[in-house]
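Colleague: Let me give you the structure first, and then I'll get to my questions.
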Amino acid sequence: MDPPRQCPSPSSSRPISPRTPSCETLGYVGIEAVLDQMKIKAMKMGFEFNIMVVGQSGLGKSTMVNTLFKSKIWKSTPSGLALGPIPQTLQLHSVTHVIEEKGVKLKLTVTDTPGFGDQINNDKCLRPLDIEFLQRLCRTVNVVPVIARADSLTMEEREDFRRRIQHNLRTHSIDVYPQECFDEDINDKILNCKIRERIPFAVVGADREHVVNGRCVLGRKTKWGIVEVENMKHCEFPLLRDLLIRSHLQDLKDITHNVHYENYRVGRLNESHMLPRGPGWVTLDPAPANSPALPGPSKVCRWAQDTPSEEY
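Letter 9 of the sequence shown, counting from 1, is numbered 9 in UniProt numbering, and no numbers are missing.
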């Protein structure tokens with residue numbers, strides 16, 4: 001198991017130095033127009049977001065994704081597999097859709113791991129397979145664990161299950177999103193601490209509307225009543241949606257690009273260069289043969305020990 005790592009801030013590769021004095025303009029220059037330029041460019045190009053859902057068959061992964069974006073994004077049974085057995089994680093299955101809301105386009109790619117751990121018993125705890133998988137995955141992507149089919153648990157069972165999972169995550173040094181080392185200021189720390197207290201989120205997915213007290217709600221109909229997906233008294237799906245879309249979507253993308261991908265890239269550079277200095281040292285601009293030797297490499301980067309086989 002790797003030792004704790006110091007995580008750089010993902011928001012910017014070259015932050016403004018606190019020693020740099022601020023300078024007020026004597027008149028209007030138009031610097032604020034850069035915000036309008038960024039908005040126009042973003043509206044034209046749209047955004048991209050990739051999600052991988054992992055879990056046993058029948059946990060409601062496809063329904064959760066459909067509920068998350070209120071769209072028919074994912075079918076319960078992939079086309080071509082309806083007549084045969086579900087493959088036991090022999091290959092990944094991805095679908096891509098473009099979702100548009102109020103002129104903003106989002107290119108969403110969802111990747112599934114069919115039949116992950118179907119033959120392994122899960123007695124309300126993380127299995128060895130889950131622990132090994134999460135330990136490797138958290139170095140490569142942002143991990144957000146959830147409790148599926150939360151309506152099958154009582155409130156006491158749900159909280160007990162959550163405490164067990166949190167204990168397993170701490171014991172095995174599994175770093176889930178949002179990571180504490182990326183809390184940049186006190187406001188981020190307060191918000192993210194509240195989120196971390198509720199992880200894993202207890203969720204219920206439903207892609208059908210029902211009429212409750214004269215209003216249409218997304219919910220799951222049972223013989224005891226309607227489980228409302230967006231009612232915090234019934235489940236914590238609103239917390240998951242707020243985290244993934246409404247408050248932290250750009251932060252998720254920044255961490256993936258500036259931290260996880262850079263770790264992967266530097267790791268591959270180390271492998272290709274066969275550097276004698278050991279992991280973490282990268283010479284991006286090797287000196288000519290006739291130049292004097294430098295006391296150290298020209299650039300130092302931190303990287304994860306395991307090189308991912310797939311990038312998301």
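The C-beta atom is built at its ideal place from N, Cα and C for all residues, glycine as well.
In this structure, what does DSSP give as the bridge partners for A202?
Modeller: For the purposes of this step, residue 202 is identified with residue 202 of the sequence shown, where counting begins at 1. In DSSP, A202 forms a bridge with I147.
Colleague: Assign W74 to buried or exposed, taking buried as 16 or more other Cβ atoms, counted over all protein chains shown, within 10 Å of its Cβ.
Modeller: To locate residue 74, count along the sequence shown from 1; it is residue 74. Burial call: buried.
Colleague: Considering just the uninterrupted stretch of the beta strand (DSSP E) at N213, what are its terminal residues?
Modeller: Residue mapping note: residue 213 aligns to position 213 of the sequence shown, counting from 1. It is not in any beta strand (DSSP E) - N213 carries neither H nor E in the DSSP assignment.
Colleague: Tell me which residues share the same chain as residue 329 and place their Cβ nearer than 6 Å to its Cβ, disregarding the 5 neighbours each side in the sequence.
Modeller: A query on residue 329 cannot be resolved here, the shown segment of the chain reaching from 1 to 312 and no further.
Colleague: What residues are listed by DSSP as bridge partners for L218?
Modeller: Translated into the one-based positions of the sequence shown, residue 218 becomes position 218. DSSP, once it has assigned bridges, lists E209 as partnering L218.
Colleague: Nearest CA to the CA of F69: which residue from N263, R246, L269?
Modeller: If you number the sequence shown from 1, residue 69 lands on position 69. Ranking N263, R246, L269 by Cα distance to F69 puts R246 first.
Colleague: Give me, in chain order, the residues of the same chain whose beta-carbon lies closer than 6 Å to that of T256; leave out the 5 immediate sequence neighbours on both sides.
Modeller: Position 256 of the sequence shown holds residue 256. Answer for T256: no residue qualifies.
Colleague: With 16 other CB atoms within 10 Å as the buried threshold, where does S62 fall?
Modeller: As a first step, residue 62 is located in the sequence shown; it is residue number 62 there, counting from the start. It counts as buried.
Colleague: Pair every Cβ in the stretch 111-119 with every Cβ in the stretch 44-60, then say whether three or more of these pairs are closer than 8 Å.
Modeller: Yes: at least three Cβ pairs fall under 8 Å.
Colleague: Which value, in whole angstroms, describes the spacing of the CA atoms of E184 and H172?
Modeller: As a working mapping, residue 184 is identified with position 184 in the sequence shown. As a working mapping, residue 172 is identified with position 172 in the sequence shown. Taking the straight line joining both Cα atoms gives about 25 Å.
Colleague: Would you mind listing the alpha helix (DSSP H) stretches within the stretch 9-75 that are 4+ residues and don't spill past its ends, in chain order?
Modeller: Listed in chain order, they are 33-45, 61-69.
Colleague: With respect to the beta strand (DSSP E) encompassing H93, which residues constitute its N-terminal and C-terminal limits?
Modeller: Taking the first residue of the sequence shown as position 1, residue 93 is located at position 93. 93-101 is the extent of the beta strand (DSSP E) around H93.
Colleague: Which residue or residues does DSSP assign as beta-bridge partners of R225?
Modeller: Here residue 225 refers to the residue found at position 225 of the sequence shown. Residue identity check: residue 225 is Gly in the sequence provided, not Arg. Looking at the DSSP assignment, G225 forms a beta bridge with T222.
Colleague: Three or more C-beta pairs under 8 Å: does that hold for the stretch 232-252 against the stretch 203-214?
Modeller: In short, these stretches touch, since the Cβ pair count reaches three.
Colleague: Mapping DSSP to helix, strand and coil, what is D112?
Modeller: Taking the sequence shown and counting its residues from 1, the one referred to as residue 112 is at position 112. Here D112 sits in strand by DSSP.
Colleague: Can you give the beta carbon distance from F116 to Q56, rounded, assuming they're within the 8 Å contact cut?
Modeller: Residue numbering aside, residue 116 sits at position 116 when the sequence shown is read from its first letter. Residue numbering aside, residue 56 sits at position 56 when the sequence shown is read from its first letter. The Cβ separation is near 6 Å, so the contact holds.
Colleague: How close, in whole Å, do the beta carbons of L243 and I195 come, if the pair is a contact with beta carbons under 8 Å?
Modeller: Translated into positions along the sequence shown, residue 243 becomes position 243. Translated into positions along the sequence shown, residue 195 becomes position 195. Rounded, the Cβ-Cβ distance is 6 Å, consistent with contact.
Colleague: Which term fits A150, buried or exposed, when burial requires 16 or more other beta carbons within 10 angstroms of its beta carbon?
Modeller: Working through the sequence shown from its first residue, we reach residue 150 at position 150. Buried, since its Cβ has 16 or more Cβ neighbours within 10 Å.
Colleague: Can you tell me whether K107 is helix, strand or coil according to DSSP?
Modeller: Counted from its first residue, the sequence shown places residue 107 at position 107. Residue state, collapsed to three classes: strand.
Colleague: Report the three-state DSSP secondary structure of Y177 (helix, strand or coil).
Modeller: Here residue 177 refers to the residue found at position 177 when the sequence shown is read from its first residue. Three-state result, Y177: coil.
Colleague: Express the C-alpha separation of R127 and S17 in angstroms, rounding to a whole number.
Modeller: Along the sequence shown, one-based indexing puts residue 17 at 17. Along the sequence shown, one-based indexing puts residue 127 at 127. Its pLDDT being 48, under 50, S17 is placed unreliably in this model, and the value from its coordinates should be taken loosely. Using only the alpha carbons, I get a separation of about 45 Å.
Colleague: Please determine, among D188, G103, V65, the residue with the shortest C-alpha to C-alpha distance to S94.
Modeller: By one-based count along the sequence shown, residue 94 stands at place 94. Cα-wise, what sits closest to S94 is V65.
Colleague: In this structure, does DSSP put K233 in helix, strand or coil?
Modeller: On the sequence shown, position 233 is the one that residue 233 refers to. Correct three-state label for K233: coil.
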